[in-house]
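Residue numbers (the numbering used here): 1 to 968.
For each residue, glycine too, the CB sits at the ideal point set by N, CA and C.
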Amino acid sequence: MASNNNSLSQSSQQTLTKNRENFLHLVILIDQEARSILKTIFEMGTSSKRSSETLKEYLMRDKGMTNSLYRKIFNNTQRKQIDSDPSCCHFDVSLLYSAIQRSCDGLAPPEHQDWLTDGKFENLLKKVKDIRNDIFHGIMTIQTSEYVQKIERIRTLLIDCIKQSGEKYSKSDLWIKNTTDDMNVRINQIRDEPLSPMSLEIYENLPLFTELQKTLTSKGIKDLINLFENMVIINPTSAIVGHEFKLRVEEVYTTPMIFHARRGLVNVPLALCDILHYVHQMQSRDSVSTAQIILIEGSGGVGKTTLLKLIGHAWLSYQKGTSSKVSSSCEIKGVGKYRFVIPFKFRNRSISSFSNLISSIMPTARQSFQNKNHLRDCVVSVPIIILLDGFDEMNEESKKVLYDILSSANLEHIIIICTSRPEKIKEFYRMVNNEMNIIHLKIKGIPERSVEKFLSRYHDALKNRGQSKDDSKLLIKYIRSKTGHLKSVFSFPLYAANFAVLWTFASDKLSNICSELEFLIELDRVTIEKLIERLGSHPSTMSLEEDVLRKKVKNFVAYLHKAAFFALHHNSTILREDEKHDLVQCCESLALPVHEVMGTYLIQENTWSSTDMEIELKFPHKSIQDFYAALYISDKLKCKKKPLDIASILKNFSDILSGSQLPFQQQNQILGNNLDMLLNCQKDLRASVNERDVLVDALTSELHTEMKYLDMNTFQNMLVLLTGFLFHSEYNADYNIAEQSILLLKQSGIDSREEWIRVINIVKCHDIFVTAIAKEPSNMGDTINISGSDVSAYSALLTKVKPNNISLSVSEDPSTVPFLEELILIIANHQCFVSLCCLEYLFRHPNKSLEEAALMQALRQLMDRCHIETCVIPYSEGMRLPSGDRIPAFSVSTHKDYNNLCEELYKNQHKIKYLRLSLSIGIKASQVVKPLPPWFSGKVDLYLPDTDSEHDIESVASLISSVMPSSG
1 MASNNNSLSQ SSQQTLTKNR ENFLHLVILI DQEARSILKT IFEMGTSSKR SSETLKEYLM
61 RDKGMTNSLY RKIFNNTQRK QIDSDPSCCH FDVSLLYSAI QRSCDGLAPP EHQDWLTDGK
121 FENLLKKVKD IRNDIFHGIM TIQTSEYVQK IERIRTLLID CIKQSGEKYS KSDLWIKNTT
181 DDMNVRINQI RDEPLSPMSL EIYENLPLFT ELQKTLTSKG IKDLINLFEN MVIINPTSAI
241 VGHEFKLRVE EVYTTPMIFH ARRGLVNVPL ALCDILHYVH QMQSRDSVST AQIILIEGSG
301 GVGKTTLLKL IGHAWLSYQK GTSSKVSSSC EIKGVGKYRF VIPFKFRNRS ISSFSNLISS
361 IMPTARQSFQ NKNHLRDCVV SVPIIILLDG FDEMNEESKK VLYDILSSAN LEHIIIICTS
421 RPEKIKEFYR MVNNEMNIIH LKIKGIPERS VEKFLSRYHD ALKNRGQSKD DSKLLIKYIR
481 SKTGHLKSVF SFPLYAANFA VLWTFASDKL SNICSELEFL IELDRVTIEK LIERLGSHPS
541 TMSLEEDVLR KKVKNFVAYL HKAAFFALHH NSTILREDEK HDLVQCCESL ALPVHEVMGT
601 YLIQENTWSS TDMEIELKFP HKSIQDFYAA LYISDKLKCK KKPLDIASIL KNFSDILSGS
661 QLPFQQQNQI LGNNLDMLLN CQKDLRASVN ERDVLVDALT SELHTEMKYL DMNTFQNMLV
721 LLTGFLFHSE YNADYNIAEQ SILLLKQSGI DSREEWIRVI NIVKCHDIFV TAIAKEPSNM
781 GDTINISGSD VSAYSALLTK VKPNNISLSV SEDPSTVPFL EELILIIANH QCFVSLCCLE
841 YLFRHPNKSL EEAALMQALR QLMDRCHIET CVIPYSEGMR LPSGDRIPAF SVSTHKDYNN
901 LCEELYKNQH KIKYLRLSLS IGIKASQVVK PLPPWFSGKV DLYLPDTDSE HDIESVASLI
961 SSVMPSSG
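Written out as structure tokens, the structure reads:
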């Protein structure tokens, strides 16, 4: 009897499974074929819809639909789907039906009786939608007999739809036949072939999946809003102003400079507001069906993380309905089309899968899902942006997350934006599938014209929060007085923000700072002074003398530098448990308040894992960590080079012994024994220092490993700063150290001239180092491009190398650029090909003139000795040069200069290849005596300042007409 019951049970189970499969076949039929036919009808009926246009935009443009009616027709979930899918490819049957009803040409109005009348085309469409609802909301098992009947009913319905839509929209009989035949083949396949495991997984819970998507949209967006509300808070200066000083990213940051890095597009700019629009263009052009990856390369502190925060802020503003209030510098066009923005930091060690990541940032939404994989599937089914910050900080766990994301990102509605330092770019390309489209961009900080605005905003924020009483105009005046390499450093948001703080607390110390490293050294000094000041008023340390506090802080900082170095070795800004423990113990042994001291240098970060929240301590920025690590190795090298101060050691030991009860004879014997021991130690130390490999030894001995096991990319920025320390300080580095430094820097990945120039600036053009670096082939390329910030570095380097081509472009006032005259004379001695644009400032400021006799003399020699390929010189200055007739290009800023130049052209038929006119609005067409000569065939560029009003545009048009040659 039991056996019969068991057989009946198995038979029932098989019947249930078959009936369940029947239901899933119908779900697939609706999801694939019915949706495909409705999508085809939608496209035929909306032929005037633009491909980049959302349904909402089309309805309002072409159908005159009001916003209130639009919101009434489409629910919140549908509206978000419409915003995120201009192609309408991912609309389900219900949304397609509503879209067709409201947007397709040639159909009855939605309230018309045709939608309810059998035989009418409109009613056929309604029946497709109704049968979808019957299946999705009905019983999820269907007997075989009923299943076949439903299949045929749906087939007939869709055939009628094809036929009537073809007739309505003037399709040929052949199109109707082919479309019908193709559909029938697919319907038969769905009906007869068993479900694949993948189809079972996808469609098993499709009706439930659809409902869960709605839940996810509601709860998931709320979770992300809460997350981004905290993420857009910044405080890069917490070491000095404290953790309570907090700003929202949009309060101070301006649009960063972004350029293409791909071959053929190098240095072509791309505005941040257009970054997503550009991706959409690439998808349309290349017909890409996989995720788009935007790789953003940039040096430490240049603003990579800030850029991602700006994207997060733009999405947050859209979700909160405040996007209309977002300033143009923070606007990201098209960000509202993406349902979710998923942020992830590569330094995170507690998450090892994409599913875990989504679960951790959507804690409320995940409660509605059976497991984290279902949550992930719902998330990736809609358009999303994934923000991956700090690829150069990747660890083994975050590497798994990246691979998981890449394997999930086979859908075109996913955009991945990843940031990295330059030294890890090659590794990124190795990891990413070749079939994926990578848009490679470079971020280069704040534009020069916006640095003053940034500093002013940041300083105003300090004033508003009671941290400063000074006038921001004084800060701007000081910045304008700075030139060269240091001014270019201010384009890095990290340095600019900290400079605003330094100027507030130590403006008297800034006058002697002229390099990136000196800036960091002063920042470190002020950080220590502010800490000592706070300790002086802390209950546990207020009774101690300042000298005592200073020694205690010095001891702690030495431990901190060591922790920075070892954390860097592990490629992490986050301290490990043993590193945290050592620092806490150090504070306690020095009787320093742990929270106050460690809070000065480290940031507490709450990180969600897939199961719980973890509290971690991290350095505020990797560039700051690099600086501390460089200090640690620098101090170690100085200690090795410095001989033991035996006399001081013995004196201190003698003082201790004199306070003991030991007999005098025994004291002398102990001192004598220790003297012998110290002398032997000094001898051993000298023998252990290998001058040839002193830098390698410093790294490997500390880490107890060999060079071949070190990831030198990780140490790149630290090595740059270390090189600066060795050629700045009392270390007295020699040529051997220069060669060792260069070798290690090359092993860390430095290979471009731009990177070597940064190192030269950091060592303040030290002659020994420049002599060594001049032997590197990368500094002997065909063309050297020199900007104003690098004049001093090249004035040192070009005394050691002889280039073939030089392009000198200085936008600053030439009278304020140090070493400019010297550089021009050095170039003149090379007698090479030169493109010269060092007087741009005079062109833009026609009321200024070049008075410096030394610079004029240098320009004369340059004109006489070099082959001038391009030389844009203000006409008034060019005519003062004896070689004026050899100048191939002039810039003209006043009507007087223009008229004089025209006279010269008509008189001597001067062969000018290029003319740049600054057509100031103050000049009227009537002041132009003559147009350019008819034989003039050079290129003319027009610089039109302040042309906003309609009157201005008319004036400019009149001026252009006046100067154009009669030949056109």
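Identify, in the order they occur along the chain, each residue of the same chain with its Cβ nearer than 7 Å to the Cβ of residue i, setting aside the five sequence neighbours on each side.
| i | result |
| --- | --- |
| ALA738 | ILE768, PHE769 and ALA772 |
| GLN630 | Looking at the sequence shown, residue 630 is not Gln but Ala. For ALA630, where only same-chain residues beyond five positions count, the Cβ hits under 7 Å are MET718, LEU721, LEU722 and PHE725. |
| GLN927 | HIS895 |
With DSSP as the reference, please indicate the residues paired to residue i in a beta bridge.
| i | result |
| --- | --- |
| CYS418 | LEU295 and LEU388 |
| LYS618 | ILE574 and ILE603 |
| ARG248 | ILE233 |
| PHE833 | ASN805 and HIS867 |
| LYS129 | DSSP output for LYS129 lists no bridge partner at all. |
| ILE786 | LEU808 |
| ILE240 | Answer is none; ILE240 lacks a bridge partner. |
| LEU441 | HIS260 and ILE296 |
| LYS345 | ASP389 |
| PRO269 | PHE259 |
| PHE340 | ILE384 |
Tell me which same chain residues have a C-beta within less than 6 Å of the C-beta of residue i, skipping the five on either side of it?
| i | result |
| --- | --- |
| MET65 | LEU59 |
| ALA506 | VAL526 |
| SER287 | Caution is warranted here: a pLDDT of 48 is assigned to SER287, below 50, making its placement in the model unreliable, and the coordinate value is therefore given only provisionally. Hits under 6 Å: none found. |
| GLY45 | CYS104 and ASP105 |
| ASP389 | THR305, LEU308, LYS345 and THR419 |
| ILE633 | ALA698 and LEU722 |
| GLN716 | GLU423, SER748 and GLY749 |
| LYS219 | THR364 and ALA365 |
| GLY298 | LYS304 and ILE443 |
From the options, pick the residue whose C-alpha is nearest to that of residue i; which is it?
| i | options | result |
| --- | --- | --- |
| VAL810 | GLY788, ARG758, ILE37 and LEU798 | GLY788 |
| LEU602 | ALA591, ILE615 and LEU590 | ILE615 |
| CYS832 | THR783, LYS800 and ASP813 | THR783 |
| PHE727 | ILE670, LEU517 and HIS621 | LEU517 |
| ASP578 | PHE121, TYR559, ASP182 and ALA591 | TYR559 |
| GLY466 | HIS704, SER36 and THR504 | THR504 |
| LYS304 | VAL266, ASN371, ASP392 and ALA698 | ASP392 |
| ASN437 | LEU295, CYS902, ILE225 and ASP635 | LEU295 |
| LYS39 | LEU96, ARG366 and ILE521 | LEU96 |
| LEU276 | ASP223, LYS222, LEU247 and VAL341 | VAL341 |
| THR237 | GLN143, ARG449, LEU520 and ARG421 | LEU520 |
| ARG153 | SER515, ALA108 and ILE187 | ILE187 |
| LYS800 | LYS775, ASP181, GLU822 and LYS320 | LYS775 |
| ARG347 | SER381, LYS453, VAL451 and MET394 | MET394 |
Count the other CB atoms, across all protein chains shown, that sit within 10 Å of the CB of residue i; report buried if there are 16 or more and exposed otherwise.
| i | result |
| --- | --- |
| ASN356 | buried |
| PHE664 | exposed |
| HIS459 | buried |
| CYS89 | exposed |
| PRO493 | buried |
| THR117 | exposed |
| THR54 | buried |
| HIS734 | Checking the displayed sequence, the identity of residue 734 turns out to be Asp instead of His. ASP734 comes out exposed. |
| GLY445 | buried |
| HIS25 | buried |
| ILE225 | exposed |
| TYR318 | buried |
In chain order, what residues of the same chain lie with their CB nearer than 8 Å to the CB of residue i, ignoring the 5 residues before and after it?
| i | result |
| --- | --- |
| VAL268 | PHE259 and HIS260 |
| LYS793 | The sequence shown places Ala at residue 793, rather than the Lys named in the question. Only HIS485, ILE757, ILE760, ASN761 and CYS765 meet the Cβ criterion. |
| LEU1020 | With the chain represented from 1 up to 968, any question about residue 1020 goes unanswered, as that position is not in the structure. |
Does any residue of chain B have a CB that is nearer than 7 Å to the CB of residue i?
| i | result |
| --- | --- |
| LEU494 | The structure shown contains no chain B; it holds only a single protein chain. |
Using 8 Å as the cut-off, can you tell me whether the segment 570-578 makes contact with the segment 494-508, which would need three or more C-beta pairs spanning the two stretches below that distance? no
With a threshold of 8 Å, are at least 3 pairs of Cβ atoms found where one atom belongs to the segment 394-402 and the other to the segment 587-602? no
Do three or more CB pairs link the segment 543-550 to the segment 793-806 at distances below 8 Å? no
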